[in-house]
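Structure record follows, encoded as C-alpha cells.
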Amino acid sequence: MTDSSSDRIAQALRTWISTAPAGAQLPSTRALAAEYEAGPVTVQQALRALAVQGLIETRPGVGAFVRSIRTVRPNDYGWQTAALGSPENRMPPPTAVLRTTPNDVIALHSGYPVRELLPERLVRSAMTRTARGDTVLTQAPAAGLPELQAWFAAELGEGTPAGLAAPGAGDVIVLPGSQAGLSTLFRTLVGTGQPMLIESPTYWGAILAAAQVGVRLIPVPSGPHGPDPDDIDRAFAQTGARAFYAQPNFANPNGAQWSPERAGAVLDIVRERGAFLIEDDWAHDFGITSSSTPLAARDDTGHVVYLRSLTKSVSPAIRVAGLVARGPARDRILADTQSQSMYVSGALQAAALDVVTQPAWRTHLRSLRQQLGSRRDLLIDALREHAPSAHLESVPAGGLNLWLRLPDDTDLVRFTRECEAQRVIVAAGDSWFPAEPPGRYVRLNYSGPNPGAFPEAAEIIGRVLAG
12 MTDSSSDRIA QALRTWISTA PAGAQLPSTR ALAAEYEAGP VTVQQALRAL
62 AVQGLIETRP GVGAFVRSIR TVRPNDYGWQ TAALGSPENR MPPPTAVLRT
112 TPNDVIALHS GYPVRELLPE RLVRSAMTRT ARGDTVLTQA PAAGLPELQA
162 WFAAELGEGT PAGLAAPGAG DVIVLPGSQA GLSTLFRTLV GTGQPMLIES
212 PTYWGAILAA AQVGVRLIPV PSGPHGPDPD DIDRAFAQTG ARAFYAQPNF
262 ANPNGAQWSP ERAGAVLDIV RERGAFLIED DWAHDFGITS SSTPLAARDD
312 TGHVVYLRSL TKSVSPAIRV AGLVARGPAR DRILADTQSQ SMYVSGALQA
362 AALDVVTQPA WRTHLRSLRQ QLGSRRDLLI DALREHAPSA HLESVPAGGL
412 NLWLRLPDDT DLVRFTRECE AQRVIVAAGD SWFPAEPPGR YVRLNYSGPN
462 PGAFPEAAEI IGRVLAG
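Counting from 12, one number per residue, gives the positions in the sequence shown under my numbering.
Structural data, given as C-alpha cells:
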C-alpha cells in the first residue's frame, strides 16, 4: 500500500469522527484493515496522522478514541503590560525583507542570494569535514579560531598601501554574524543616548541595532556616489558625534560606492574629529563591474573599525563575521562580545574557513560576478521597457539590489499591496531611512529566485504604477 492509501483511510475516518461523540472508540486496526482492504501498517499510518492532528487519542493496549473538543478561550496576557512597563527604546517593526513567500510568487524583496548563487558543494564538503574534526566538541577561543582570524586579517591586508601597518590576526574578532557586531559596536563605541552619524538611506538592520542600543541617529544624505564630505564634517561639528556608520562599497540599499578621493576626504575628516568610522563591508564578495576597496585597509591608526560578514556569500546557515579593530577599542569590543555570546561556534568557524580557503572559492566568486551582472542587467532592461516612470538613479557596480525611485505621488503601501496581489513581492523603501524618506522608493533584489520572471515582474510593476 502507498501513502495515498493511508490518506484515503484517514479522510474516511475524519468523516466518521465528525459525527461521532467525544470518547467514541474507533474500530480495531484489524477491523479497519478489513473494511478498507488495507494492510495493518497502512491503517496505523492513518491513525498516527489523525493523532497528530489532535482528532483522536490512542491508548496502548486499549484502542483509539475520538478526542473531546476543548473550548478555546483567549489567553490573558494583560498582566505583562504592567510588569514590562514602557520600553526604554521602542523597536521599529521588523522589515518585510525577512518574510518567507510561496513558490508561486516573483520574490524581489529578500536580502539574501538564492541557493544556486551559493557555493553549495563547497559548503556541504566543508560541513562533512568539520563534523569529523575536534571543533564540534571543543570550546572556541573568545576572539575566534586563530586560522580564521588570520584569514580575515590577510584579506583586509591585501589592500594596505606600502608604508602602512597591515592588520594582524590579533586585531580580528570573530562574531556570530554582522548584526550582532553592529549592536556591539554601537554599544561600545557610541553608547546609549549618544549621537552617531549614519548614511541616509542605509541598512535597515543598522537602524534596528541603533534603536536597540538607544543610539541617537544623525542622518547624512547619501546619493549614488556616497555622502558629501562637507555634510559629514558639518554634522560632526553640530552634534559632537564620535562615530559614523557607513557602507562605502555597494551600499545597501542604493548600491553606492565611494570614489578613492571621496573615501580619502571622509577618512581625513574622521581623523581630524577624533572619531570612529564603522565600515560595514557587507557586499565584499558581490562585486560586478568593480571590487570592494575597504577604507580600513588605508588606516592603521585605529579610526576605522571594519566589519565583514560571510553569511550572505557562503551560506545563511553559517553566521560568521569578522571584525577588525585596533587599540583599546578592540579590547572593549571583545569584552562586550564575550558578555553577549561568550564565543562563536568553533564548528561554524571551521566550516567557513574551509570554504574560503579552497581554490574553488575564487572560481566560485568569478562565476558569481558574472551571474549577478546578468541578473542585474536583465532586471534593469525589463524595468526600462515596462516601467519607465520608475527612476533608477545609478546602475550599481556590485551588491544585490536596485534602488528604484517611484513617482512622488505614489501611495507606497497601496503600490506594494497591489504588486503582491499580482504575485510580485517588493520591499518598500521606507525601512532604509533613519528619518522621514525624501521620496517614494522600493528596493528590488536581483539575486533571488527565477530571474526568467523579471520581465513579467517589471510589467506588473509598470502596470500598477500606471494604474
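For each residue, glycine too, the CB sits at the ideal point set by N, CA and C.
If you're wondering where the values come from, they're calculated on a predicted model, not measured in any experiment.
For the 7 Å CB-CB criterion, L321 and A363 form a contact. Scanning the segment 258 to 325 from its first residue to its last, the whole alpha helix (DSSP H) runs of 4-plus residues come out as 271 to 283. Contact between A401 and L415 holds: CB atoms are separated by about 5 Å, below the 8 Å threshold.
By the CB criterion at 7 Å, A151 and Y354 fall inside the cutoff. Secondary structure at T69: strand, using DSSP grouped into helix, strand and coil.
In this structure, the alpha-carbon of D310 lies about 56 Å from that of D87. If one requires a minimum length of 4 residues, the alpha helix (DSSP H) runs lying completely within the segment 417 to 452 are 423 to 432, in chain order. Distances from the CA of I229 to each of Q223, G237, D242, P235 were compared; the closest alpha carbon is that of D242.
Where L208 is concerned, the enclosing beta strand (DSSP E) starts and stops at 206 to 211. Ranked by Cα distance from Q36, the first of L61, L43, V77, V331 is V77.
Residue burial annotation: G234 is exposed, with fewer than 16 other C-beta atoms found within 10 angstroms of its C-beta. When V147, G463, W372, Y452 are compared, the shortest CA-CA separation from D392 is found for G463. The DSSP-derived three-state label of P238 is strand. Taking one beta carbon from each stretch, the segment 291 to 309 and the segment 433 to 448 have fewer than 3 pairs nearer than 8 Å; the two do not touch. Listed in chain order, the alpha helix (DSSP H) runs fully inside the segment 148 to 230 are 157 to 168, 189 to 196, 215 to 224, counting runs of at least 4 residues. Scanning its chain for C-beta atoms nearer than 8 Å, with the 5 sequence neighbours on each side dropped, one finds around Q360 the residues T146, A151, G155, L156, L159, V185, V331, in chain order.
Three or more beta-carbon pairs drawn from the segment 123 to 131 and the segment 368 to 380 are found closer than 8 Å, and the two stretches are therefore classed as touching. For G237 and R373, the gap between their C-alpha atoms comes out near 28 Å.
Look at the segment 26 to 64 and you find these whole runs of alpha helix (DSSP H), each 4 residues long or longer: 40 to 47, 51 to 63. Ranked by how close their Cα comes to the Cα of R387, the residues P448, R25, A408, F287 have A408 in first place. The Cβ atoms of I280 and D239 lie no closer than 7 Å to each other. Taking a 10 Å sphere around the C-beta of T139, we find fewer than 16 other C-beta atoms and assign the residue as exposed.
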